[in-house]
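*Asks:* Here it is: the structure, laid out below.
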Amino acid sequence: MSEEASIAADAGALLEEGLRNLWYPIAPSWQVGENPLGVTRLGERIVVWRDRDGAVHALEDRCPHRGARLSLGWNLGDRLACWYHGVEIDPSGTVLDVPAVESCPLTGKAAVRRYPCREVRGAIFAWFGDALHAEPAALDLPEQLTDERFATMLCVAVWRCNYRYAIDNVMDPMHGAYLHARSHSMASGNRRARLRVVPTDTGFLCEKEDQRNVNFDWVEFGASGGHWMRLEIPYGKEAGPGGPFGIVGFVTPVDRETCQVFFWRVRAVAGWQRDLWRFLYRMRLESLHWDVLEQDRLVLEAMAGDARESEFLYQHDTGLARVRRFLAKEAERQATALAGDAAPAATGTATATDRGRRPDSEARTADGPQLAPRKERFHPRPNGELEFNPWLAEPRGSKGDAGTVEDFAEPLLYRWQHRARAPNDFETSLADALTATFAAEVHDRPGIVARLNESDVANPGGGPWTEDAFGSALRELASP
Ligand code: FES
Ligand SMILES: [Fe+2]
477 MSEEASIAAD
487 AGALLEEGLR
497 NLWYPIAPSW
507 QVGENPLGVT
517 RLGERIVVWR
527 DRDGAVHALE
537 DRCPHRGARL
547 SLGWNLGDRL
557 ACWYHGVEID
567 PSGTVLDVPA
577 VESCPLTGKA
587 AVRRYPCREV
597 RGAIFAWFGD
607 ALHAEPAALD
617 LPEQLTDERF
627 ATMLCVAVWR
637 CNYRYAIDNV
647 MDPMHGAYLH
657 ARSHSMASGN
667 RRARLRVVPT
677 DTGFLCEKED
687 QRNVNFDWVE
697 FGASGGHWMR
707 LEIPYGKEAG
717 PGGPFGIVGF
727 VTPVDRETCQ
737 VFFWRVRAVA
747 GWQRDLWRFL
757 YRMRLESLHW
767 DVLEQDRLVL
777 EAMAGDARES
787 EFLYQHDTGL
797 ARVRRFLAKE
807 AERQATALAG
817 DAAPAATGTA
827 TATDRGRRPD
837 SEARTADGPQ
847 LAPRKERFHP
857 RPNGELEFNP
867 WLAEPRGSKG
877 DAGTVEDFAE
887 PLLYRWQHRA
897 RAPNDFETSL
907 ADALTATFAA
917 EVHDRPGIVA
927 RLNESDVANP
937 GGGPWTEDAF
947 GSALRELASP
């Protein structure tokens with residue numbers, strides 16, 4: 477193969493599996509408790525775990541002894557121990573102990589690849605550097621994820637399509653007026669539009685020329701250490717307090733056929749209004765939002781895997797066409813840099829060849845299968861004793877624990893895991909009263925309390941509603 481052809485093939489593989497040298501969200505925070513969690517992201521198996529101080533670490537999910545998945549092993553608080561023969565690995569990927577033999581040359585070796593990671597607004601981000609970029613670049617997130625003015629709620633789902641279909645979908649505002657025509661937020665506005673692309677500091681904006689604040693009318697793509705998208709959907713006056721309803725989205729490839737989408741639902745709202753917004757969102761809007769996402773997922777998953785190869789793009793596809801060109805160029809740049817680098821790849825760092833080698837049999841094992849509930853709280857030691865290990869978690873299955881990928885791909889189950897229970901009568905009637913209050917354009921706290929006292933929603937503390945009683949009820953109801 478000529479060098480040119482080989483670079484083109486590597487760039488193609490990068491595009492298919494996910495560009496490197498970027499931060500990607502790899503799991504929602506709630507999914508990583510005390511047990512190590514095994515995930516596949518960008519075709520690579522990764523174990524994500526928390527040390528006893530709660531800090532998150534991510535390592536290649538492969539024991540350097542014989543390759544067992546470390547995610548099946550033990551979290552010892554400051555290290556992982558492989559379940560198979562007990563080899564212990566620290567957060568940097570260095571082997572701390574090989575307990576089954578007296579002395580082993582593996583001890584002290586940096587034998588497992590480490591993924592630098594950090595936690596932002598309920599998600600764990602990891603750096604996927606190539607052989608030339610082991611050290612992470614800065615991650616400049618949109619202000620919606622960094623500025624305290626914004627309240628965020630994260631929604632995560634696994635979609636069984638290549639990640640590029642999910643990006644195309646968000647970069648295509650026109651689908652709002654059709655695919656989501658029967659939804660709570662995108663039923664109105666023009667069904668025909670011209671779209672234009674406007675450059676920004678970190679990427680570009682794709683917007684309808686003649687319509688704003690009516691439907692899904694604009695979307696922005698940004699590349700600033702990670703690839704993100706942001707958009708706004710207008711919400712009616714009954715949707716509670718706060719400015720426009722924003723969405724910040726990331727798409728993380730799982731493998732060639734599957735991706736994980738992260739959508740932060742965002743509103744600039746603070747104090748008691750933030751509690752109120754969170755409560756109303758959970759009660760009224762979250763399930764509607766899931767209905768919209770399900771429409772996207774259904775269409776994308778039903779498309780043929782090679783649909784992109786025989787398309788007829790037209791004017792309103794300008795945004796997704798632009799992002800495709802950007803990603804293709806970036807893939808070519810990365811493949812060219814790797815090909816030009818004579819130095820051997822660092823230990824444990826994926827090379828272009830490694831990336832092309834992932835067997836298809838892995839395709840459906842992302843995130844799992846996880847272990848069945850495990851009751852042992854003892855870590856086996858070489859002297860035959862069992863060392864009590866209070867760090868080890870309760871059996872899986874309680875709220876917040878990971879399920880299999882099938883579980884995770886099922887939005888209803890995800891919702892159930894997240895909310896844990898259905899709303900009770902009090903919550904339902906309070907949400908009804910508040911929705912009606914906002915629809916009547918009453919936005920101030922005394923006005924809301926006065927209307928509550930006129931309604932038949934009783935103050936759970938007894939007596940008339942006061943602003944304090946309203947505040948504490950809301951705080952309690954809005955807490956995650
Ligand atoms: S495979 Fe992990 S200790 Fe043997
Ligand atoms: Fe959509």
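Residue numbers (my numbering): 477 to 956. Even glycine gets a Cβ: it sits at the ideal position worked out from N, Cα and C.
Figure out for me which residue from LEU761, GLY488, ASP529 and ASN638 has the closest Cα to the Cα of ASP731.
*Replies:* Closest by alpha carbon: ASN638.
*Asks:* Using CA coordinates, which residue listed in ILE709, ALA780, HIS656 and ARG526 is at the minimum distance from GLN771?
*Replies:* For the residues ILE709, ALA780, HIS656 and ARG526, the minimum Cα distance to GLN771 belongs to HIS656.
*Asks:* Alpha helix (DSSP H) containing TYR641: first to last residue?
*Replies:* From DSSP, the alpha helix (DSSP H) with TYR641 extends over 639 to 646.
*Asks:* Starting from the N-terminal end, write out each residue whose C-beta falls within a distance shorter than 5 Å of any non-hydrogen atom of ligand 1.
*Replies:* Having a Cβ closer than 5 Å to some heavy atom of ligand 1 are CYS539, HIS541, ARG542, ALA544, CYS558, TYR560, HIS561 and VAL563.
*Asks:* Exposed or buried, LYS684, counting other C-beta atoms within 10 Å across all chains shown (16 or more means buried)?
*Replies:* LYS684 is buried by the Cβ-count criterion.
*Asks:* Verify whether the separation of the beta carbon atoms of PHE601 and TRP748 is less than 9 Å.
*Replies:* No; because the gap between Cβ atoms is not below 9 Å, this pair is not in contact.
*Asks:* Indicate, with yes or no, if ligand 2 has a heavy atom lying under 8 Å from the CB of PHE692.
*Replies:* Within the cutoff, so yes.
*Asks:* If we count the other Cβ atoms within 10 Å of its Cβ and call it buried at 16 or more, is ARG760 buried or exposed?
*Replies:* Burial call: buried.
*Asks:* Less than 9 Å between the beta carbons of LEU621 and MET650, yes or no?
*Replies:* No, they are not a contact pair.
*Asks:* Would you call ASP901 buried or exposed, if buried means 16 or more other Cβ atoms sit within 10 Å of its Cβ?
*Replies:* Classification of ASP901: exposed, given that the 10 Å Cβ count is below 16.
*Asks:* Would PRO940 be called buried (16 or more neighbouring beta carbons within 10 Å of its own) or exposed?
*Replies:* Exposed is the call here.
*Asks:* Beta-carbon within less than 6 Å of GLY702's beta-carbon, same chain only, minus the 5 sequence neighbours each way: which residues are those?
*Replies:* Cβ within range, chain order: LEU498, TRP499 and LEU615.
*Asks:* Does MET650 come out as helix, strand or coil in the three-state DSSP assignment?
*Replies:* Reduced to three states, the DSSP call for MET650 is helix.
*Asks:* Measuring straight from C-alpha to C-alpha, what distance separates PHE626 and ARG750?
*Replies:* Using only the alpha carbons, I get a separation of about 9 Å.
*Asks:* Starting from the Cα of VAL632, find the closest Cα among PRO501, ALA534, LEU764 and ASP644 and give me that residue.
*Replies:* Of the listed residues, the one whose Cα sits closest to VAL632 is PRO501.
*Asks:* What separation, rounded to the nearest whole angstrom, lies between the Cα atoms of LEU458 and THR942?
*Replies:* This structure cannot speak to residue 458, because the chain is shown only from 477 to 956.
*Asks:* So the candidates are SER659, VAL724 and GLN687; which of them puts its Cα closest to the Cα of ALA699?
*Replies:* When each option's Cα is compared against that of ALA699, the closest is VAL724.
*Asks:* Tell whether a beta-carbon distance below 9 Å holds between PRO504 and LEU548.
*Replies:* No.
*Asks:* Buried or exposed: PHE739, going by 16 or more other Cβ atoms within 10 Å of its Cβ?
*Replies:* Buried, because 16 or more other Cβ atoms sit within 10 Å of the Cβ of PHE739.
*Asks:* Are the segment 716 to 723 and the segment 909 to 928 in contact at 8 Å, needing three or more beta carbon pairs?
*Replies:* Because the criterion of three Cβ pairs below 8 Å is met, the segment 716 to 723 and the segment 909 to 928 touch.
*Asks:* According to DSSP, simplified to helix, strand and coil, what is TYR757?
*Replies:* Residue state, collapsed to three classes: helix.
*Asks:* Within the same chain, show all residues whose beta-carbon is closer than 7 Å to that of GLN810, passing over the 5 residues directly before and after it, in chain order.
*Replies:* Contacts found: LEU490, LEU495, ARG496, ASN497 and ASP606.
*Asks:* Classify ASN666 as buried or exposed, calling it buried when 16 or more other Cβ atoms lie within 10 Å of its own Cβ.
*Replies:* Exposed is the call here.
*Asks:* Could you round the C-beta distance between ILE565 and ALA815 to whole angstroms and report it? I think they count as a contact, below 8 Å.
*Replies:* About 32 Å; that fails the 8 Å criterion.
*Asks:* Name the residue from LEU756, CYS735 and GLN736 whose alpha carbon lies nearest to the alpha carbon of VAL745.
*Replies:* When each option's Cα is compared against that of VAL745, the closest is LEU756.
*Asks:* Would the segment 576 to 594 and the segment 531 to 542 be scored as touching if the rule is three or more Cβ pairs under 8 Å?
*Replies:* Short answer: they touch.
*Asks:* So, for LEU518: in the same chain, excluding its five sequence neighbours on each side, which residues have a beta-carbon less than 6 Å away from its beta-carbon?
*Replies:* These residues qualify, in order along the chain: GLU493, GLY494, PHE604 and PRO729.
*Asks:* Return yes when at least one heavy atom of ligand 2 lies under 8 Å from the C-beta of HIS656, else no.
*Replies:* It does: the Cβ of HIS656 is within 8 Å (strictly closer) of some heavy atom of ligand 2.
*Asks:* Please find out if some non-hydrogen atom of ligand 2 comes closer than 8 Å to the beta-carbon of LEU789.
*Replies:* Not so, every heavy atom of ligand 2 lies at least 8 Å from the Cβ.
*Asks:* Assuming the contact rule is C-beta atoms closer than 8 Å, PHE692 and MET705 should be a hit. Round their C-beta distance to whole Å, please.
*Replies:* That pair is no contact at about 12 Å.
*Asks:* Is ASP772 a contact residue of ligand 2, with contact defined as CB to any heavy atom under 8 Å?
*Replies:* Yes.
*Asks:* Tell me the start and end of each unbroken alpha helix (DSSP H) in the segment 557 to 636 that is at least 4 residues and wholly inside, in chain order.
*Replies:* Qualifying alpha helix (DSSP H) stretches, in chain order: 619 to 622.
*Asks:* With distances taken from CA atoms, which of MET477, ASP486 and SER478 is nearest THR812?
*Replies:* Closest option to THR812, Cα to Cα, is ASP486.
*Asks:* Return yes when the C-beta of HIS651 is under 8 Å from any heavy atom of ligand 2, and no when it is not.
*Replies:* True, at least one ligand heavy atom lies under 8 Å from that Cβ.
*Asks:* What is the residue span of the alpha helix (DSSP H) that GLU520 lies within?
*Replies:* Note, GLU520: premise wrong, no alpha helix (DSSP H); beta strand (DSSP E) at 520 to 526.
*Asks:* Is it the case that the Cβ atoms of TRP635 and THR734 are separated by a distance below 9 Å?
*Replies:* Taking 9 Å as the Cβ cut-off, TRP635 and THR734 qualify as a contacting pair.
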